[in-house]
Amino acid sequence: MKRNTEKIRKDVAAHRARQLAAGRIALTTYVPTDLLAQIDKIKEQRGELGRAPIIEEALRFYIEKAPEGMNEKPLAVSSGKGFSDFETAMLGPPEQPLT
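According to this note's numbering, the residues represented by the sequence shown are 1 to 99, in order.
The following block contains the structure:
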């Protein structure tokens, strides 16, 4: 058992070292369960092995596509009843009020 644990520890350390050498860093955060479910749905549709590619793509899209000045202030988080500031800026106002 101890040998197996040591091998796993070494493998994890090697993986982390390869990621750092490739210019990547770990990011840990909490997200709402409904958002995680959406990420998992996209992951399954694309046949991805993990969530990281989906999250990385979403972050890049957000940073690269945000209209001028959108990254200068915190954005409102959508409550599910309307659009957040980012959604409105990217998509325009909703055609009909959401109830």
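Cβ coordinates follow ideal geometry from the N, Cα and C atoms, glycine included.
Positions of the alpha helix (DSSP H) runs, each at least 4 residues long and wholly inside the stretch 14–76, are given as 33–46, 52–65 in order along the chain.
Take the alpha-carbon of L20 and the one of V12: they are about 12 Å apart. Rounded to whole angstroms, the separation of the alpha carbons of Q38 and E48 is 14 Å.
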